[in-house]
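To start, the structure under review is shown below, and the notes come after it.
There are 2 protein chains.
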Amino acid sequence: MNTILKNDLILRTLRGETVERVPVWMMRQAGRFLPEYRELRKKYTFFERCKTPELACEITLQPVRRLGTDAAILFSDILVVPEAMGLEVQLVEKVGPILPSTIRTKEDLGKIRIPEVQEQLGYVFDAIRMIKQELAGEVPLIGFAGAPWTLLCYMVQGKGTKTFDEARRFCYTQPEAAHILLQMITDTTIAYLKAQVEAGVDLVQVFDSWAGLLGPDDFSAICLPYIRQIVEALKDEVPVIVFAKGAWHSLPLLQATGATALGVDWGLTPEFARQLTGNEVVIQGNFDPAKLYAPIPFIEKEVEKMLQGFGKDKYIANLRHGILPDTPVEHAQAFIEAIKNYSWSN
Amino acid sequence: MNTILKNDLILRTLRGETVERVPVWMMRQAGRFLPEYRELRKKYTFFERCKTPELACEITLQPVRRLGTDAAILFSDILVVPEAMGLEVQLVEKVGPILPSTIRTKEDLGKIRIPEVQEQLGYVFDAIRMIKQELAGEVPLIGFAGAPWTLLCYMVQGKGTKTFDEARRFCYTQPEAAHILLQMITDTTIAYLKAQVEAGVDLVQVFDSWAGLLGPDDFSAICLPYIRQIVEALKDEVPVIVFAKGAWHSLPLLQATGATALGVDWGLTPEFARQLTGNEVVIQGNFDPAKLYAPIPFIEKEVEKMLQGFGKDKYIANLRHGILPDTPVEHAQAFIEAIKNYSWSN
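Protein chains in written order, with this note's numbering: chain U, 54 to 399; chain V, 54 to 399.
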């Protein structure tokens, strides 16, 4: 049974209600920029932190306690899904993810399967239950997953790159195998997110971090049908935020999936984001995290510009990508405070 | 004295004339995907290839001979400019560029200077003169330089990354030093491109490869004023193509600089690119080079779609970024042929 939430601002915003102020959280807020996280990182590997519910719970709560964000986001990684599907994933500090075995042909699909999520990813749901208990209704908890195209990128390429040429090659040269893979990831992701909801998350975000590597036509063929399936499967249970980074051109199509909110990247002015979506969907974004390096008065000025651009309602303040590791904590704090304290009455 | 050009299709297109077909060249056509280039790479380091006019000339001509592109582009690298300004540049195969000494503070600006381009970059102009002689008017020769923001990225970060966080940090935290650096790069680049023109190039392209890392406001403050200076200094001498990758949002502002043509990235449909620019400027782009991995009939179909979208006039066919190293040569050939042989009378 769900506890009543003390701060449900983000949920009211996602319902399109008129709110007293803009809610705020930060991508990668549970992580590297906090000294208390770096302490844990010294003692435990990434997967130890991810797979030990007590550690995942502690890391998830750190930014809520320290900064007073309007939501907690589960500490985990999008690559737990490929791992659960049968591909080994190594998360190497300062190098990024490495998947020693990759999918390059139709035959390679034999390496993977649609897993029983409760068996393979039970540690995530254990963490969610523990976090919900610890949060005691303080703020909502966000669950998440990678979008199928973005997970395909890693499963085909085997590591992070700027352009994921091998992933694009795979889709263009072996479209049949690509679509089988995308559907397998989609089926897994739907089961995974539904189980997150069952364990207690209040909303979910789907990260299509590499959507921007595809043009509009290819986005429509490779990303959109699978995102649509995920949204349709989840949206009656919890709000669904879709962040397809770089796919600004397809915002109207993403809106048509029925997603509750759309993340926008930095290429769009607030005005153009509103124009593309007819001011009818909740928008999340899009502060440059490198601006958190700058002096606090600069941050406050830039926050004000962003808030004025997007407006008070149907808007969730966030960064344009994850907070940078060496961001001064007091600057992140200033960002959160500037959003919370903005005077909407003027 | 200039030789009369046998194939001046790209120059007529750049003048906005009605042409018989679309001209085509490929970014990084002088390079890695050609076996005859890889042979030279075994024997000479990158800077040996760059700085020996005979080698730069040979590499520049290889794709013209092999594929019949409608233009040659000088074999060189945008990082010869930071090197001429006083920063050591190492080009490490399979790793990318490394600048051991970087610009991070105003004091660091003491490490660099605006060079005498004839002294520091004479090898480029020697190569251009040799290439022009060898080309004997076959096709025009494209000169090029990196845009100031993109060069700043490398000079501050010291290596390639996905997001150039240090470069953005530098601009946001030390705007005064950043603008001094941008102006120094601009002054060098103008002198460098003017000397390329004097040595014989028929047109130039300015590559702002990392423009897409900045939002519209920051692009306007950090990129645009310097691109404008370069365009204004050059456009009365030769056509200037500006390719600000990812800065689709600022196409109208780039058009207003007076640039002869604008490169467009893959986020834009041809229709939207034309709409943003009022169909008044020449557009260059935007085929996904990973599609050159696919079977030739697929390439032909995709080329047809692109040509129909952009139309015959005021358009230069090209890739959305450099051709990939392991592209089958016959597929690159099929791309070129599909553009050349497209029947516009239907």
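The beta carbon of each residue, even a glycine, is placed where N, CA and C say it ideally should be. Given the structure is predicted, the values throughout are model-derived calculations rather than measurements.
So, for residue 64 (chain U): in the same chain, excluding its five sequence neighbours on each side, which residues have a beta-carbon less than 8 Å away from its beta-carbon?
For residue 64 (chain U), where only same-chain residues beyond five positions count, the Cβ hits under 8 Å are 58, 193, 255, 256 and 292.
What does a CB cutoff of less than 8 Å around residue 69 (chain U) pick up in its chain, not counting 5 residues either side in sequence?
For residue 69 (chain U), where only same-chain residues beyond five positions count, the Cβ hits under 8 Å are 335, 366 and 367.
Residue-chain proximity (residue 269 (chain U), chain V), Cβ-Cβ < 8 Å:
yes
Short CB-CB distance (under 8 Å) between residue 54 (chain V) and chain U:
Residue placement at residue 54 (chain V) cannot be trusted, given a pLDDT of 44 that sits under 50; what the coordinates show is reported in the next sentence. Residue 54 (chain V) does not count as touching chain U.
For residue 368 (chain V), which residues does DSSP report across the bridge?
The partner list for residue 368 (chain V) (beta bridge, DSSP) reads V:336.
List the residues of chain U whose Cβ lies closer than 8 Å to the Cβ of residue 299 (chain V), in chain order.
320
Using 10 angstroms around the beta-carbon of residue 324 (chain V), count the other beta-carbons present and answer buried if the total reaches 16, otherwise exposed.
Exposed.
Nearest chain U C-beta to residue 277 (chain V) closer than 8 Å, yes or no?
no
I'd like to know whether the C-beta of residue 365 (chain V) is nearer than 8 Å to at least one C-beta of chain U.
Not one chain U Cβ lies under 8 Å of residue 365 (chain V).
How should residue 95 (chain V) be labelled, buried or exposed, when 16 other C-beta atoms within 10 angstroms of its C-beta is the threshold for buried?
exposed
Bridge partners of residue 316 (chain U), per DSSP?
DSSP lists U:337 as partners of residue 316 (chain U).
Can you find a CB in chain U that lies within less than 8 Å of the CB of residue 225 (chain V)?
So, interface residue.
Could you compute how far the alpha carbon of residue 284 (chain V) sits from the alpha carbon of residue 199 (chain U)?
42 Å
Among U:267, U:74, U:260 and U:299, the one whose alpha carbon lies nearest that of residue 280 (chain U)
U:260
Any non-hydrogen atom of the ligand FMN closer than 7 Å to residue 377 (chain V) Cβ:
Because no ligand of any kind appears in the structure shown, any question about the ligand FMN cannot be addressed here.
Express the C-alpha separation of residue 188 (chain V) and residue 150 (chain U) in angstroms, rounding to a whole number.
47 Å
Return the chain-ordered list of same chain residues with a C-beta closer than 6 Å to the C-beta of residue 312 (chain V), the five sequence neighbours on each side being excluded.
284, 293 and 295
8 Å Cβ cutoff, residue 91 (chain U) in contact with chain V
no
In terms of residue numbering, what span does the beta strand (DSSP E) encompassing residue 297 (chain U) cover?
Run containing residue 297 (chain U): 293-297, per the beta strand (DSSP E) assignment.
In the DSSP assignment, the beta strand (DSSP E) including residue 167 (chain U) goes from what residue to what residue?
Where residue 167 (chain U) is concerned, there is no enclosing beta strand (DSSP E), given that its DSSP letter is neither H nor E.
At a cut of 8 Å, does the region 373-391 of chain U reach the region 92-107 of chain U through at least three beta carbon pairs?
Contact between the region 373-391 of chain U and the region 92-107 of chain U is absent, because fewer than three Cβ pairs lie under 8 Å.
Let me confirm a value: residue 348 (chain V) is counted as buried when at least 16 other C-beta atoms fall within 10 Å, else exposed. Which label applies?
When all chains shown are included, residue 348 (chain V) counts as exposed.
Count Cβ pairs between the region 134-142 of chain V and the region 237-249 of chain V that sit closer than 8 Å; are there 3 or more?
yes
Given this structure, state the Cα-to-Cα distance separating residue 267 (chain V) from residue 364 (chain V), to the nearest angstrom.
The straight-line gap from Cα to Cα measures roughly 30 Å.
Looking at the structure shown, is residue 133 (chain V) part of a helix, part of a strand, or coil, going by DSSP?
helix
Start and end residues, beta strand (DSSP E) containing residue 175 (chain U):
Segment 175-188 is the alpha helix (DSSP H) holding residue 175 (chain U); no beta strand (DSSP E) there.
Could you give the residue range of the alpha helix (DSSP H) that holds residue 33 (chain U)?
Because chain U is modelled from 54 through 399, residue 33 (chain U) falls outside the range shown and cannot be assessed.
Separation of residue 61 (chain U) from residue 109 (chain U), as counted between CA atoms:
23 Å
Classification of residue 54 (chain V) by the beta-carbon crowding that lies within 10 angstroms, buried from 16 upward
Residue placement at residue 54 (chain V) is flagged as unreliable, the pLDDT there being 44, under the threshold of 50; the coordinate-derived value follows with that caveat. It counts as exposed.
Taking only beta carbons into account, state which residues of the region 217-243 of chain U come closer than 7 Å to chain V, listed in chain order.
If the cut-off is 7 Å between Cβ atoms, the region 217-243 of chain U has 218, 221, 222, 225 and 226 near chain V.
At the 8 Å Cβ level, is residue 343 (chain V) part of the contact set with chain U, yes or no?
Interface residue, yes.
Any Cβ of chain V within less than 8 Å of the Cβ of residue 137 (chain U)?
With 8 Å as the cut-off, residue 137 (chain U) does not count as an interface residue toward chain V.
Flag residue 384 (chain V) as yes if its beta-carbon sits less than 8 Å from any beta-carbon of chain U, otherwise no.
no
Burial state of residue 303 (chain V) (16 or more Cβ within 10 Å):
buried
If you measure from the beta carbon of residue 197 (chain U) to each beta carbon in chain V, is any gap under 8 Å?
Output row for residue 197 (chain U): interface = no.
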